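Participant: Please see the structure below; I have some questions.
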Amino acid sequence: MVAEPNRVERSRPRPVASWRDHHAWSAGASLRRLMARPVGTLLTVAVMALALALPLTFYLLLGNVQQLGAALGQNQAVSVFMQPGQTGPAVELMATKLRERADVASVTVKSPQQGMDELARMQGFSGALNTLDSNPLPYAVEVLPKPGANADDVARLVTDLRALQGVDLVQDSGTWRQRLDALLGVGNRVVLILAGLLALAVLLVVGNTVRVDIASRSEEIGVLMLIGASGAFVRRPYLYAGIWYGLFSGVLAAGMALLIEMALAEPVTRLGHVYEGKLQLGMLPLWLLGAVPLAAAVLGWLGARLVSAWQLRKAA
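Following the numbering used here, the numbering of the sequence shown begins with 6 at its first residue and continues without gaps.
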């Protein structure tokens with residue numbers, strides 16, 4: 006009587022062990038089935054990889070456009086020209102107050118003599134400057150906004166600068182910033198939409214491949230269901246097939262993205278020299294490259310799950 010519960014307890018792990026063994030068998034059998042038709046598997050994986058690599062490529066290009074915008078002046082300093090007659094101490098006092106602002110990265114004061122020296126170094130101005138009796142240039146203050154400041158932040162800063170006492174003119178590339186921010190916002194939305202559409206394409210490709218595979222084995226599936234196999238038991242190999250398709254295509258897509266980065270490295274380096282090293286190639290983050298195969302495997306599983314459930318429901 007005492008031994009009976011022990012036999013029951015020892016028998017409990019058997020369903021779990023069978024479930025685990027069938028998962029291992031399904032994973033191996035589905036992989037062997039894919040390797041048995043290498044051309045068809047390679048074509049399917051290549052199509053899915055291209056679909057996954059496209060949003061990665063657009064994301065990479067968008068990141069480099071953002072860096073190019075910064076190099077071309079997205080964070081360009083705001084030039085503040087003081088009224089004639091402003092003294093150096095008064096301008097320095099204003100610059101000190103501006104440096105205390107949280108939205109200002111740096112403030113540089115240029116005296117009238119420094120401005121005259123800059124003009125003298127420009128070709129064609131030296132002769133004209135020699136004819137002047139006095140220096141007509143005012144004090145100028147260059148205010149650099151904090152890195153990462155958006156167009157609205159810079160616009161508020163410019164408004165405050167124009168309201169300062171003694172300021173005659175404020176020159177700002179606010180329109181350029183607003184246009185660039187708007188274009189980058191559109192680009193981000195396009196990348197998201199494209200990623201969603203191509204993820205749907207991956208689902209359809211995996212689903213159609215699994216559908217054809219199930220249709221070709223309809224007699225085998227019918228026999229399994231006649232002898233009492235459950236739906237989960239029958240569709241498990243096809244779910245693993247979807248996972249393998251997604252995983253392989255995700256790895257290939259990440260590899261394509263790395264090749265595109267390598268192809269862009271040389272021209273971006275040459276372009277960076279033109280902008281005195283301000284422009285560097287923006288690379289895809291490692292976490293994104295690692296997440297692509299996992300996300301693709303989930304998409305493959307989902308596509309196989311939906312189609313296999315529908316097909317087996319028809320067969321039943």
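For glycine and all other residues, C-beta sits at the position ideal for the given N, C-alpha and C.
Please read all numbers here as calculations on a predicted model, not as lab measurements.
Could you have a look at LYS151 and say whether DSSP puts it in helix, strand or coil?
Facilitator: coil
Participant: Note down, in chain order, each residue of its chain lying with its Cβ closer than 8 angstroms to the Cβ of ARG17, except the 5 sequence neighbours on either side.
Facilitator: Here the model assigns ARG17 a pLDDT of 48, short of 50, so the residue's position is not dependable and the matter cannot be decided.
Participant: With respect to 6 angstroms, is the separation between the Cβ of ARG216 and the closest non-hydrogen atom of the ligand FAD below this value?
Facilitator: The ligand FAD is not part of the structure shown, which contains no ligands of any sort.
Participant: Per DSSP, which one or two residues make a beta bridge with PHE86?
Facilitator: The partner list for PHE86 (beta bridge, DSSP) reads ALA145, LEU174.
Participant: Could you check which residue in LEU169, PRO152, ALA107, VAL85 has the C-alpha nearest to that of LEU142?
Facilitator: VAL85
Participant: Hey, quick one: how far does the alpha helix (DSSP H) through THR101 stretch, first residue to last?
Facilitator: 93-104
Participant: Per the contact definition of three or more C-beta pairs closer than 8 angstroms, is the region 300-308 in contact with the region 242-258?
Facilitator: Counting Cβ pairs under 8 angstroms, three or more are found: they touch.
Participant: Look at the Cβ atom of ARG222, then the Cβ atom of SER313, and state whether they are nearer than 7 angstroms.
Facilitator: It is not a contact, given that the beta carbons lie outside the stated cut-off.
Participant: Run the CB neighbour count on GLU105, radius 10 Å, all protein chains shown included, and call it buried at 16 or more, exposed below.
Facilitator: Burial call: exposed.
Participant: Going by DSSP in three states, SER313 sits in which element: helix, strand or coil?
Facilitator: helix
Participant: Suppose contacts are defined by Cβ-Cβ distances below 7 angstroms. Is LEU103 in contact with VAL109 by that definition?
Facilitator: Yes. Within cutoff.
Participant: For LEU55 and LEU169, I'd like the C-alpha separation in whole angstroms.
Facilitator: C-alpha separation (whole angstroms): 56 angstroms.
Participant: Is it buried or exposed, GLY287, if we count other Cβ atoms within 10 angstroms and call 16 or more buried?
Facilitator: buried
Participant: May I ask which residues mark the beginning and end of the beta strand (DSSP E) holding ALA160?
Facilitator: Careful: ALA160 lies outside any beta strand (DSSP E), inside the alpha helix (DSSP H) at 156-167.
Participant: Which residues mark the beginning and the end of the beta strand (DSSP E) in which SER223 is found?
Facilitator: No beta strand (DSSP E) holds SER223; the alpha helix (DSSP H) holding it covers 223-231.
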